[in-house]
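Participant:
Residue numbers (the numbering used here): 4 to 408.
1. Could you check how far apart the C-beta atoms of residue 301 and residue 340 are, in whole angstroms? I think they sit under 8 Å.
2. Which residues does DSSP pair with residue 204 in a beta bridge?
3. Report yes if the C-beta distance between residue 283 and residue 260 is below 9 Å; otherwise report no.
4. Grab the span of the beta strand (DSSP E) containing residue 29 for me, first residue to last.
5. Whole alpha helix (DSSP H) runs in the stretch 51-117 with 4 or more residues, listed along the chain?
6. State the CB to CB distance for the pair residue 138 and residue 87, rounded to an integer number of angstroms; the pair is presumed to be in contact (CB under 8 Å).
7. List in chain order: all unbroken alpha helix (DSSP H) runs of 4+ residues lying wholly within the stretch 335-372.
8. Report the partner residues of residue 35 according to the DSSP bridge assignment.
9. Could you tell me if residue 367 is buried or exposed, where buried requires 16 or more neighbouring beta carbons within 10 angstroms of its beta carbon?
10. With H, G and I counted as helix, E and B as strand and the rest as coil, what does DSSP make of residue 42?
11. Distance check for residue 197 and residue 163, CA to CA, integer angstroms please.
12. Taking the straight line between their C-alpha atoms, what separation do you get for residue 264 and residue 209?
13. Between the Cα of residue 396 and those of 24, 48, 8 and 249, spot the shortest distance and give me the residue it belongs to.
14. Distance check for residue 150 and residue 270, CA to CA, integer angstroms please.
15. Could you spell out the range, first to last residue, of the beta strand (DSSP E) harbouring residue 397?
16. What are the partner residues of residue 375, as DSSP defines its beta bridges?
17. Determine the contact status of residue 228 and residue 262, defining contact as a CB-CB distance below 9 Å.
18. For residue 145, which of helix, strand or coil comes out of DSSP?
This is the structure in structure tokens:
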């Protein structure tokens with residue numbers, strides 16, 4: 004693989020702007036930040052542009068073609084929060100530079116009949132081919148069951164352990180079977196024995212409190228059933244938890260479609276008809292929700308020093324998962340984070356260095372020597388105008404430039 008030098012671009016290294024720097028890619032890694040262009044390097048003119056680490060979406064569900072779609076928007080890593088891309092199934096993806104890299108929880112620990120079963124229409128079967136190895140379904144109703152599933156999930160290749168804490172009230176299915184505190188506590192305690200990261204699905208304030216009390220490392224939603232309280236913000240901050248708000252998902256749950264995003268020509272040209280139809284739909288399961296309350300919650304969490312990570316909950320190209328599309332919606336989420344009061348640089352950190360640090364991905368998320376050459380070059384300066392992240396000029400995954408973006 005040839006040596007590539009990106010010259011003349013402003014560099015945001017995942018944590019802070021560095022000003023204009025030459026960045027050199029040698030094979031799949033970044034070999035140089037700053038200095039002179041090596042002799043014989045292929046030069047990419049970055050004048051007028053900003054070079055960023057490849058973006059990380061901290062909450063997705065994969066389906067046919069979704070990893071390729073994500074990469075077309077500069078998302079070089081997706082973190083699957085329920086799905087089939089555990090280590091035993093994703094070996095063929097590791098060196099496929101036409102798709103985003105992926106990590107996965109496998110399937111979340113939930114009771115039989117618990118979330119997310121209520122989201123699926125009767126008779127629905129996911130499109131595409133089933134994986135070589137079907138995932139473990141860790142249905143648990145007792146502390147002993149939850150604890151017993153944790154080492155099995157890890158042995159089967161789950162990168163982190165997810166717990167579903169959901170009574171169905173936000174989805175319009177109140178009374179859904181839900182993990183109780185003792186079962187949650189036992190599962191989290193078992194994961195800690197193995198040094199495994201734990202995450203929780205929490206759409207309500209009470210579920211968020213349960214996660215904090217159990218010692219979960221992070222929640223992959225921000226609650227949307229009521230305004231935040233000082234008590235819950237202090238609890239999250241004091242526990243050192245991270246939060247993946249998925250504001251764009253909350254908006255969709257409230258009936259707000261992604262049509263404005265779909266109307267953006269920078270988005271439209273990268274979506275096929277099925278994804279456009281999906282983006283223009285919405286979940287519309289909690290129309291009584293108030294998006295301003297969610298934005299205020301995110302603002303309060305960030306002000307309290309909580310690590311906010313950018314994620315979308317993008318799933319399959321189906322209208323009942325509407326309002327979201329892989330890749331495109333992460334850019335929308337960055338705009339929502341800025342609307343909530345984060346600076347553009349804070350929002351960019353939420354999709355790069357902060358997520359990499361919290362998920363133990365030490366080889367990516369920053370523009371630094373020796374790290375993976377997962378990079379996004381965009382026109383303009385998204386540290387000033389976050390909307391510039393969609394002005395894609397070039398994308399690299401492990402030093403290989405995507406030919407179509």
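Idealized CB from N, CA, C, for every residue including glycine.
Facilitator: Result, derived from the coordinates:
1. Indeed, because the Cβ distance is near 7 Å, the residues count as touching under 8 Å.
2. 167.
3. Between residue 283 and residue 260, the gap from beta carbon to beta carbon is short of 9 Å.
4. DSSP places residue 29 inside the beta strand (DSSP E), whose first and last residues are 20-29.
5. For the stretch 51-117, the full-length alpha helix (DSSP H) segments reaching 4 residues or more read 69-75 along the chain.
6. The Cβ separation is near 5 Å, so the contact holds.
7. Counting whole runs of 4 or more residues, the stretch 335-372 contains the alpha helix (DSSP H) stretches 347-353 and 356-361.
8. Note: residue 35 sits in a beta bridge opposite 27.
9. Buried is the call here.
10. Reduced to three states, the DSSP call for residue 42 is coil.
11. If you take the alpha carbons of residue 163 and residue 197, they lie about 11 Å apart.
12. Answer to the nearest angstrom: the Cα atoms are 32 Å apart.
13. When each option's Cα is compared against that of residue 396, the closest is 48.
14. Near 43 Å, if we compare the C-alpha coordinates of residue 150 and residue 270.
15. It spans 395-400 - the beta strand (DSSP E) in which residue 397 sits, taken as one unbroken run.
16. Its beta-bridge partners are 32.
17. No, these two residues do not count as a Cβ contact at 9 Å.
18. Looking at residue 145 - three-state DSSP - the assignment turns out to be coil, as it is neither helix nor strand.
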